[in-house]
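Take the sequence shown: its position 34, counted from the start at 1, is 547 in my numbering, and no numbers get skipped.
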Amino acid sequence: MFRVIFEPDRGQRVPIRLWARHVGPDTIRQLQRLASQDYVVEFVAAMADAHVSEGVAVGSVFATEHTLVPAALGGDLGCGMSALRIDVDAFGLDRRTLEIVVSRLGRAIPTGDATHRGGGASRANLPEGLLETPLSTRSLEHTREALLGRHLGTLGGGNHFLELDRDADGGVWLLVHSGSRGLGGAIASHHARAAEERNAHGLAGMDIRESAGAAYWQDLEWAIRFARENRRALATRALEILSDVLHREVTAADTIDVHHNFVAREEWFGRPLFVHRKGAIAAPRGDRALIPGSMGTASYVAFGLANADSFGSCSHGAGRVMTRTEARRTIRPKAFAESMRRVVYPDALARRLVEEAPCVYRDIREVLDDQEDLLVRTIRLEPLAVLKG
Numbered sequence: 514m515f516r517v518i519f520e521p522d523r524g525q526r527v528p529i530r531l532w533a534r535h536v537g538p539d540t541i542r543q544l545q546r547l548a549s550q551d552y553v554v555e556f557v558a559a560m561a562d563a564h565v566s567e568g569v570a571v572g573s574v575f576a577t578e579h580t581l582v583p584a585a586l587g588g589d590l591g592c593g594m595s596a597l598r599i600d601v602d603a604f605g606l607d608r609r610t611l612e613i614v615v616s617r618l619g620r621a622i623p624t625g626d627a628t629h630r631g632g633g634a635s636r637a638n639l640p641e642g643l644l645e646t647p648l649s650t651r652s653l654e655h656t657r658e659a660l661l662g663r664h665l666g667t668l669g670g671g672n673h674f675l676e677l678d679r680d681a682d683g684g685v686w687l688l689v690h691s692g693s694r695g696l697g698g699a700i701a702s703h704h705a706r707a708a709e710e711r712n713a714h715g716l717a718g719m720d721i722r723e724s725a726g727a728a729y730w731q732d733l734e735w736a737i738r739f740a741r742e743n744r745r746a747l748a749t750r751a752l753e754i755l756s757d758v759l760h761r762e763v764t765a766a767d768t769i770d771v772h773h774n775f776v777a778r779e780e781w782f783g784r785p786l787f788v789h790r791k792g793a794i795a796a797p798r799g800d801r802a803l804i805p806g807s808m809g810t811a812s813y814v815a816f817g818l819a820n821a822d823s824f825g826s827c828s829h830g831a832g833r834v835m836t837r838t839e840a841r842r843t844i845r846p847k848a849f850a851e852s853m854r855r856v857v858y859p860d861a862l863a864r865r866l867v868e869e870a871p872c873v874y875r876d877i878r879e880v881l882d883d884q885e886d887l888l889v890r891t892i893r894l895e896p897l898a899v900l901k902g
């Protein structure tokens with residue numbers, strides 16, 4: 514259940530509904546700044562994993578009648594999660610096999626700032642329609658021409674990952690967390706600048722009934738599609754590697770895909786609204802959601818409850834409790850390795866991966882407990898092996 518923060522003397526126009534049991538003062542200030550904007554209607558919802566971020570707190574959900582707010586979504590438009598139930602038995606994956614898989618994934622899939630060399634995928638091999646939909650400016654079109662083939666099928670950095678998990682029945686799942694890469698970042702930056710030029714404050718909005726707002730909406734829809742195609746390309750490459758290592762074709766029996774940095778036009782409280790979600794996913798009744806933990810803890814498949822109190826949203830993960838700088842300063846590689854002893858990962862990267870250690874995230878069980886009115890957990894997935902961006 515949520516608690517309410519409403520302090521009009523701090524400029525709030527609408528209340529904040531907060532599902533997180535622990536949230537810092539900087540996060541509260543970001544939420545109150547958002548709740549003071551004249552385009553926000555009804556309330557601001559803050560998910561159970563809410564934490565401070567650039568511009569708008571991760572886990573923020575809000576709605577408008579006609580306004581789109583580019584700075585409220587971050588740069589990785591359409592970033593999200595895919596989960597594929599694959600035809601592999603976890604009992605047949607020993608540690609040595611998992612080490613080979615992780616090593617092969619690391620060699621085949623660009624991570625961090627790396628992209629495909631030599632231009633990447635050719636136009637003939639790109640998913641249908643990715644170059645047919647026009648972007649709003651010639652500059653963005655040129656960026657797409659230059660980056661599309663190089664960025665499609667790349668993981669990115671931060672907390673992006675490829676992971677193999679097992680469920681309670683010994684089934685194996687492939688999890689993919691990635692987004693729209695440099696293309697989404699270019700689109701986000703362009704429209705955030707355009708909004709600021711029209712209204713010079715940090716959370717400037719665009720009216721979708723005007724040309725600038727309509728252009729952003731079109732480009733955002735394309736970025737979301739590209740992010741989904743990027744996850745599909747990553748999953749396809751991972752299945753190819755698994756097939757090669759296991760000496761048989763590995764296929765997906767079931768696929769879930771959700772995204773968490775986006776705007777959607779939805780009906781709430783008897784009227785159409787533009788619902789903005791940054792670090793939050795839509796959880797319609799009966800639809801499946803994915804809630805990842807950390808690289809060393811469980812993730813969950815859940816069903817949404819379409820709770821109007823949150824505009825039908827839920828958290829997109831566990832949520833950080835420690836910044837990357839704090840993690841590098843306080844967590845030793847040896848302690849990180851101990852926390853990851855049951856999970857295969859590129860151990861040569863332990864010093865860098867302390868930024869993503871399990872202890873820098875909230876307890877995923879606590880996060881799920883805090884949003885029991887938003888979703889129902891159904892499948893627990895334990896990590897076997899992970900490649901981090």
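We put the beta carbon where it would ideally sit given N, CA and C, even for glycine.
Between which two residues does the beta strand (DSSP E) carrying Glu753 extend? Unbroken run through Glu753 is the alpha helix (DSSP H), Ser724 to Leu759; no beta strand (DSSP E).
Exposed or buried, what is Pro647 when buried is set at 16 or more other beta-carbons lying within 10 Å of its beta-carbon? Only exposed fits Pro647, as fewer than 16 other CB atoms lie within 10 angstroms of its CB.
Coarse secondary structure for Asp720, derived from DSSP in three states: Note: Asp720 maps to strand in three-state DSSP.
Taking DSSP's pairing of strands, which residues face Thr580 in a bridge? For Thr580, which the question treats as bridged, DSSP gives the partners Asp720.
Which word fits Ser573, buried or exposed, when buried means at least 16 other C-beta atoms lie within 10 angstroms of its C-beta? Label assigned to Ser573: buried.
For Thr646, three-class secondary structure by DSSP: DSSP places Thr646 in coil when its eight states are reduced to three.
Which two residues bound the contiguous alpha helix (DSSP H) that contains Ile541? Where Ile541 is concerned, the enclosing alpha helix (DSSP H) stretches over Pro538 to Ala548.
Under 8 angstroms: do the stretch 681 to 693 and the stretch 584 to 591 share three or more Cβ pairs, one atom per stretch? The way I'd put it, the stretch 681 to 693 does touch the stretch 584 to 591; three or more beta-carbon pairs between them come closer than 8 angstroms.
What alpha helix (DSSP H) runs, 4 residues minimum, are completely inside the stretch 610 to 684? For the stretch 610 to 684, whole alpha helix (DSSP H) runs of length 4 or above, ordered along the chain, are 651 to 664.
Label Asn712 either buried or exposed according to how many other C-beta atoms from any shown protein chain fall within 10 Å of its C-beta, with 16 as the threshold for buried. It counts as exposed.
Could you tell me whether the Cβ atoms of Leu716 and Ala584 are closer together than 8 angstroms? Contact: yes.
Can you check the stretch 793 to 844 for any beta strand (DSSP E) of at least 3 residues that lies completely inside it and give the ranges in chain order? Entirely contained in the stretch 793 to 844, the beta strand (DSSP E) runs reaching 3 residues are, in chain order, 793 to 795, 801 to 804, 812 to 817 and 826 to 828.
Leaving out five residues before and five after Gly619 in sequence, what residues of the same chain have Cβ atoms less than 7 angstroms from its Cβ? So the qualifying residues of the chain are Pro859 and Leu900.
Opening and closing residue of the beta strand (DSSP E) in which Ala863 lies: Counted as a single uninterrupted DSSP element, the stretch harbouring Ala863 is not any beta strand (DSSP E) but the alpha helix (DSSP H) occupying residues Ala863 to Leu866.
Contact defined as beta carbons within less than 8 angstroms: I believe Leu888 pairs with Phe816. What is the distance between those atoms, to the nearest angstrom? With a Cβ gap of about 6 angstroms, Leu888 and Phe816 count as contacting.
Who are the Cβ neighbours of Leu747 in its own chain at under 7 angstroms, not counting the five residues just before and after it? When the five nearest sequence neighbours on each side are left out, the beta carbons in the same chain lying within less than 7 angstroms of the beta carbon of Leu747 are those of Ile622, Gly666, Leu668, Leu675, Val689 and Ser691, in order along the chain.
With distances taken between CB atoms, is the gap from Met560 to Ala596 smaller than 8 angstroms? Between Met560 and Ala596, the gap from beta carbon to beta carbon reaches 8 angstroms or more.
From which residue to which residue does the alpha helix (DSSP H) around Pro846 run? Start and end: Pro846 to Ser852.
Collapsed DSSP secondary structure at Val574 in the structure displayed: Judged by DSSP in its simplified three-state form, Val574 adopts strand.
Going along the chain, which residues of its own chain have a beta-carbon closer than 6 angstroms to the beta-carbon of Thr628, five neighbours each way excluded? Answer for Thr628: Arg663, His664 and Thr667, listed in chain order.
Check whether Pro528 and Ile541 have beta carbons under 8 angstroms apart: Going by C-beta atoms, Pro528 is not nearer than 8 angstroms to Ile541.
Taking the continuous alpha helix (DSSP H) assigned at Val880, which residues delimit it? Element bounds for Val880: Ile877 to Asp882.
Helix, strand or coil at Val899 [DSSP, three-state]: In the structure shown, Val899 sits in a strand (DSSP, three-state: E or B).
For Ser828, count neighbouring Cβ atoms within 10 angstroms of its own Cβ and tell me buried if that reaches 16, exposed if not. Buried is the call here.
Continuous beta strand (DSSP E) stretch holding Gly593: start and end: Note, Gly593: beta strand (DSSP E), Gly593 to Asp602.
Applying the criterion that 16 or more other CB atoms from any shown protein chain within 10 Å of the CB defines a buried residue, is Asp551 buried or exposed? Burial state of Asp551 is exposed, judged by a 10 Å Cβ sphere holding fewer than 16 other Cβ atoms.
Which residue wins for smallest C-alpha separation from Ala924, given the options Ala558, Tyr813, Arg864 and Ile844? The chain is shown only over 514 to 902; residue 924 falls outside these bounds and no answer can be derived.
Pull up the DSSP beta-bridge partners for Asn774, would you. DSSP links Asn774 through a beta bridge to Lys791.
By how many angstroms is the C-alpha of Leu653 removed from the C-alpha of Ala699? C-alpha of Ala699 to C-alpha of Leu653: approximately 7 angstroms in a straight line.
Assuming contact is defined by CB atoms lying nearer than 8 angstroms, are Arg833 and Val873 in contact in what I supplied? Going by C-beta atoms, Arg833 is nearer than 8 angstroms to Val873.
On a CA-only basis, which of Arg617, Asp822 and Leu696 is nearest Phe782? Give me that one, please. The residue with the shortest Cα to Cα distance from Phe782 is Asp822.
Can you check whether the CB of Glu885 is closer than 8 angstroms to the CB of Arg841? The criterion of a C-beta distance shorter than 8 angstroms is not satisfied by Arg841 and Glu885.
Pop quiz: Gly809 and Pro871 are said to be a contact at Cβ under 8 angstroms. What is the actual Cβ separation, rounded to whole angstroms? Confirmed, Cβ separation roughly 4 angstroms.
Which listed residue (Asp626, Asp757, Ser566 and Asp882) has its alpha carbon closest to that of Gln543: Taking only the C-alpha atoms, the option nearest Gln543 is Ser566.
Rounded to a whole number of angstroms, what is the C-alpha to C-alpha distance between Ala751 and Gly537? If I take the Cα positions, the gap works out to 38 angstroms.
For Gly718, I'd like the list of residues in its chain whose CB is within less than 6 angstroms of its CB, leaving aside the five on either flank, ordered along the chain. Sequence-distant partners of Gly718 (beyond 5 residues in either direction) whose C-beta falls short of 6 angstroms from its own C-beta, in its chain, are Tyr552, Thr580 and Val582.
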